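Have a look at the structure below before the remarks.
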């Protein structure tokens, strides 16, 4: 057998796996020291009551002959697609239920949607960016093209000059790992560029729930013309703490087509071959996020993460460190002090602070010299984390 | 953008979607006639009590700060992998937990595992076969090569003569759609062939729970040498009625490698980029299948499907129709009478019997002239279905 050369060529270790290993080694050598993680963007707390209630109800239905659900629609249940469409529409991004495709988490479709594009095509990715997309490109025989996201542009790169030599672009706003948020005007430039050059725009809105300024766009479909060029990916992971429960969605608008081929129909065909849909119980839980109780309860959890982020911001200010993000994002993106490399700062912070964060290099070469802190987690642990950070920095003075 | 030419080239409609449309049209035109489906292989009844109990418990855990689960291991929770490994080992196919990878249903990995192989490679598929795999090949830029599964061989094709010009082969036993079951000796020939020619053997064991003859192999790993060449795919859909709950697994043995590259590590790397694992609640439900209560309750449901299959067999005998399967499989594969095409027989059976089955052509050109009946479903409906089948056949005399 000839193995997939793109898959074989992937770097040995995904950044989070390497982080896990280094922490395990440290904990084994220092059994008395309790490590605080400001690393992976996992959820802070349990699922909210509205979701739990809906999931119990769904489990009960699955246990009774009259109400159990076998194979569901590959695209997801209409009851959930209607809720998502209504929420996007209410937020100023008119979307229809038929345009929504439910998935078991944004990660699945970030890779899966690349199946729409011919192998050998080139995909523009910010550097740094969410690393799974770069890996997905290589697995699928697509060539990732790097678009530097640098301090001077506030980590919000605009379309590169000259004729584009790529077929798709992946943007994430609020961004992972930088927390940077595109303005409406900036996204309008990207949309015009994508339309003029027939480029597929993959827009990752997983962190939109953290936006608090109504002037900032929550959905690419707030931008005129986006329905002709953009797929949006949303997630319940950050919105409602679904990291261990698994649900997300992709939006493929009616107008999205290439040379007369509607991408919505093509994606529906793809999904009929590739999936049997998402667990009924999980979809019922996701739909409960849109009930009044679900809205109140998830808003409270998000407000808590934003408070956590403010605590970390204050610590970074106190330690006189440069950073970005944290305002409309659960992530704070900081510059490693004293010219340390990102793994160098990781090791320093673990050793001197008992703190874990994510080395920027894990998000691409452009992340070297930077470091990501995540504001997810228990508030008292986060506060302790902030104090440790400030104290640790004393060792560098 | 250049769209994926393999995806664009897929036939317009997946067979089950076309079936759904024809049934909808018939029901709209005949609102007074109640259609009985012997079509899609969906489950007969609700999840068993042991699974329901475990899922309620898991939902409760997800709602409490002390017990909720965020991101789980991409490979699946060890508690579930241990159960699956123990069950396979007890059945005579020694497997370790580290060799098991949990997925959200066999369909996901049947396509996903093709990522292991270099695009452009050729994959041998029986004709007829489960159509999603053929579609997956095309989506991934792999070339499906057809291996005729014909009546003369009891629909159990053996390796083709001459040098193989393909890198992988997909086998399903008990087979979908034919219900045919390979013997140990036959699988031993396939394993030897795969090893001698460095071919990856993808073995779909989704229907193994329906085997009642201990002489027939339930797992490819009962065959010596299989651990060096085969990936096995299992599913909770048929085993425990998880079609709407979504859980399955793939087995990648330690010994499986190609030119020194271990496929287990390669697949772990793939999964770290492509998934964040399966819902915690769902994995807890799946693990409950292996409790004593879960084993009793699922065995009862499977026995019911086998009784249903016996009812359909009796009806086919009474109607003097030729058929295969139904003994170790939920599917009966029948020859269309009077030289009817498979869609011709579909339309006939719908019109004269108010019955829905699956046209053989939907499983590949080799399925033309055949028809699949599924024994999943409510027993009284199945009995009524059998009666209708016999009555309908009178119209053909």
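Residue numbers (the working numbering), protein chains in the order written: chain H, 4 to 400; chain W, 4 to 400.
Positions of the beta carbon are idealized from the N, C-alpha and C atoms, including for glycine.
Since the structure is predicted, the reported quantities are computational estimates derived from the model, not experimental observations.
inquiry  = So that I know if they touch, is there some Cβ in chain H lying closer than 8 Å to that of residue 11 of chain W?
reply    = To locate residue 11 of chain W, count along the second chain from 1; it is residue 8. Yes, contact with chain H.
ask   = When the distance is taken between beta carbons, is residue 173 of chain H closer than 8 Å to residue 126 of chain H?
value = Taking the first chain and counting its residues from 1, the one referred to as residue 126 of chain H is at position 123. Taking the first chain and counting its residues from 1, the one referred to as residue 173 of chain H is at position 170. Going by beta carbons, residue 126 of chain H and residue 173 of chain H fall inside the 8 Å limit.
Three-state secondary structure (DSSP) of residue 280 of chain H = Mapped onto the first chain, residue 280 of chain H falls at position 277. If DSSP states are grouped into helix, strand and coil, residue 280 of chain H belongs with coil.
request  = Using beta-carbon positions only, say whether residue 132 of chain H and residue 366 of chain H come within less than 8 Å of one another.
outcome  = Sequence index remark: in the first chain, residue 132 of chain H carries index 129 (1-based). Sequence index remark: in the first chain, residue 366 of chain H carries index 363 (1-based). One thing to note: residue 132 of chain H has its Cβ within 8 Å of the Cβ of residue 366 of chain H.
query = Of the residues H/154, H/385, H/112 and H/166, which one's Cα is nearest the Cα of residue 208 of chain H?
reply = Taking the first chain and counting its residues from 1, the one referred to as residue 208 of chain H is at position 205. In this structure, H/112 is the residue among H/154, H/385, H/112 and H/166 with its C-alpha nearest to the C-alpha of residue 208 of chain H.
DSSP bridge partner residues for residue 106 of chain W (one or two, in chain order) = Residue numbering aside, residue 106 of chain W sits at position 103 when the second chain is read from its first letter. Assignment of beta-bridge partners to residue 106 of chain W by DSSP yields W/251.
ask   = Taking buried to mean at least 16 other C-beta atoms within 10 Å of its own C-beta, is residue 398 of chain H buried or exposed?
value = The count along the first chain starts at 1 and reaches residue 398 of chain H at position 395. Label assigned to residue 398 of chain H: exposed.
task = With a threshold of 16 other CB atoms inside 10 Å of the CB of residue 311 of chain H, please say whether the residue is buried or exposed.
result = Walking along the first chain from the start, residue 311 of chain H turns up at place 308. Burial call: buried.
task = Using a Cβ cut-off of 8 Å (strictly closer), state whether residue 71 of chain H contacts chain W.
result = Walking along the first chain from the start, residue 71 of chain H turns up at place 68. Taking CB atoms only, residue 71 of chain H has a neighbour in chain W less than 8 Å away.
ask   = Comparing the C-beta of residue 247 of chain H with each C-beta of chain W, is any distance below 8 Å?
value = As a first step, residue 247 of chain H is located in the first chain; it is residue number 244 there, counting from the start. Output row for residue 247 of chain H: interface = yes.
ask   = Counting only beta-carbon atoms, is residue 139 of chain W nearer than 8 Å to chain H?
value = Within the second chain, numbered from 1, the residue matching residue 139 of chain W stands at position 136. Interface residue, yes.
query = Any C-beta of chain H sitting closer than 8 Å to the C-beta of residue 79 of chain W?
reply = The residue you call residue 79 of chain W lines up with position 76 of the second chain. No - not a single Cβ of chain H is within 8 Å of the one on residue 79 of chain W.
task = Mark residue 64 of chain W as exposed unless 16 or more other C-beta atoms lie within 10 angstroms of its C-beta, in which case mark it buried.
result = Residue 64 of chain W sits at position 61 when you count from the first residue of the second chain. Looking at its Cβ environment, which holds 16 or more other Cβ atoms inside 10 Å, residue 64 of chain W is buried.
key: Among W/20, W/41 and W/27, nearest to residue 356 of chain W - alpha-carbon criterion   = In the second chain, the residue the question calls residue 356 of chain W occupies position 353. Out of W/20, W/41 and W/27, W/41 has the C-alpha closest to the C-alpha of residue 356 of chain W.
key: Coil, strand or helix - residue 333 of chain W by DSSP   = As a working mapping, residue 333 of chain W is identified with position 330 in the second chain. Looking at residue 333 of chain W - three-state DSSP - the assignment turns out to be coil, as it is neither helix nor strand.
ask   = Quick one: what does DSSP say residue 374 of chain H is sitting in, helix, strand or coil?
value = The residue you call residue 374 of chain H lines up with position 371 of the first chain. Residue state for residue 374 of chain H is assigned as strand, using DSSP reduced to three classes.
request  = Closer than 9 Å, Cβ to Cβ, to anything on chain W: give me those residues from the stretch 276-298 of chain H, in chain order.
outcome  = Listed by position, the residues of the stretch 276-298 of chain H near chain W (Cβ gap below 9 Å) are 276, 277, 278, 279, 280, 281, 282, 283, 284, 285 and 288.
message = Give me the chain H residues within the contact set of residue 5 of chain W, using Cβ-Cβ distance strictly less than 9 Å, ordered along the chain.
response = Against the second chain, residue 5 of chain W aligns to sequence position 2. Those are 120, 121, 123, 124, 170 and 261, listed as they occur along chain H.
message = Applying the 10 Å Cβ sphere with the 16-neighbour rule, what's the burial state of residue 240 of chain H?
response = Residue mapping note: residue 240 of chain H aligns to position 237 of the first chain, counting from 1. Flag for residue 240 of chain H reads buried.
task = Return helix, strand or coil for residue 90 of chain W, following the three-state DSSP convention.
result = As a first step, residue 90 of chain W is located in the second chain; it is residue number 87 there, counting from the start. In the three-state DSSP reduction, residue 90 of chain W falls in the helix class (H, G or I).
query = In the DSSP assignment, what residue or residues form a beta bridge with residue 338 of chain H?
reply = Position 335 of the first chain, counting from 1, holds the residue named residue 338 of chain H. Under DSSP, the beta-bridge partners assigned to residue 338 of chain H are H/373.
request  = Look up residue 82 of chain H in the DSSP assignment and say whether it is helix, strand or coil.
outcome  = Here the question's residue 82 of chain H lines up with position 79 in the first chain. DSSP places residue 82 of chain H within a helical segment (H, G or I) once states are collapsed to three.
task = Measure from the C-beta of residue 142 of chain H to each C-beta in chain W and report whether the shortest distance is under 8 Å.
result = The count along the first chain starts at 1 and reaches residue 142 of chain H at position 139. For residue 142 of chain H, the closest Cβ of chain W is nearer than 8 Å.
Residue 292 of chain H beta carbon less than 8 Å from that of residue 54 of chain H = As a first step, residue 54 of chain H is located in the first chain; it is residue number 51 there, counting from the start. As a first step, residue 292 of chain H is located in the first chain; it is residue number 289 there, counting from the start. Yes, these two residues count as a Cβ contact at 8 Å.
query = Hey, is residue 375 of chain H's beta-carbon within less than 8 Å of any beta-carbon in chain W?
reply = Residue 375 of chain H sits at position 372 when you count from the first residue of the first chain. Interface residue (Cβ-Cβ distance to chain W less than 8 Å): residue 375 of chain H is not classified as such.
inquiry  = Quick check: is the beta carbon of residue 301 of chain H nearer than 8 Å to any beta carbon in chain W?
reply    = Here the question's residue 301 of chain H lines up with position 298 in the first chain. By this cut-off, residue 301 of chain H is not an interface position.
task = List the residues of chain W whose Cβ lies closer than 9 Å to the Cβ of residue 111 of chain H, in chain order.
result = Reading the first chain from its first residue, position 108 is the one you call residue 111 of chain H. Scanning chain W for C-beta atoms nearer than 9 Å to the C-beta of residue 111 of chain H yields 107, 111, 277, 278 and 279, reported in chain order.
ask   = Got a sec: is the Cβ-Cβ distance from residue 325 of chain W to anything in chain H below 8 Å?
value = Residue numbering aside, residue 325 of chain W sits at position 322 when the second chain is read from its first letter. So no, residue 325 of chain W is outside the interface.
request  = Just mark residue 223 of chain H as buried or exposed, buried being the case when its beta carbon has 16 or more other beta carbons within 10 Å.
outcome  = If you number the first chain from 1, residue 223 of chain H lands on position 220. It is buried - the Cβ of residue 223 of chain H has at least 16 other Cβ atoms within 10 Å.
request  = Would you please state the rounded distance, in angstroms, between the beta carbons of residue 247 of chain H and residue 74 of chain W? I believe it to be under 8 Å.
outcome  = Numbered from 1 along the first chain, position 244 holds the residue referred to as residue 247 of chain H. Numbered from 1 along the second chain, position 71 holds the residue referred to as residue 74 of chain W. The distance from the Cβ of residue 247 of chain H to that of residue 74 of chain W is about 6 Å, consistent with a contact at the 8 Å cut-off.
query = Roughly how many angstroms lie between the CA atoms of residue 294 of chain W and residue 78 of chain W, to the nearest whole one?
reply = Translated into the one-based positions of the second chain, residue 294 of chain W becomes position 291. Translated into the one-based positions of the second chain, residue 78 of chain W becomes position 75. Taking the straight line from one Cα to the other gives about 22 Å.
task = Excluding the 5 residues preceding and the 5 following residue 238 of chain W in the sequence, name in chain order all residues of the same chain whose CB lies nearer than 6 Å to its CB.
result = By 1-based counting over the second chain, the position of residue 238 of chain W is 235. Correct list, in chain order: 109, 209 and 251.
query = Around the C-beta of residue 264 of chain H, are 16 or more other C-beta atoms found within 10 angstroms, so that it is buried, or is it exposed?
reply = Here residue 264 of chain H is taken as the residue at index 261 of the first chain, counted from 1. Label assigned to residue 264 of chain H: exposed.
query = In angstroms, rounded to a whole number, what distance separates the CA positions of residue 234 of chain W and residue 119 of chain W?
reply = Residue numbering aside, residue 234 of chain W sits at position 231 when the second chain is read from its first letter. Residue numbering aside, residue 119 of chain W sits at position 116 when the second chain is read from its first letter. Distance between the alpha carbons of residue 234 of chain W and residue 119 of chain W: 11 Å.
request  = Would you mind sorting residue 37 of chain W into buried or exposed? The rule is 16 or more other CB atoms within 10 Å of its CB.
outcome  = As a working mapping, residue 37 of chain W is identified with position 34 in the second chain. Burial call: exposed.
ask   = chain W beta carbons: is any one of them nearer than 8 Å to that of residue 43 of chain H?
value = Along the first chain, one-based indexing puts residue 43 of chain H at 40. So, interface residue.
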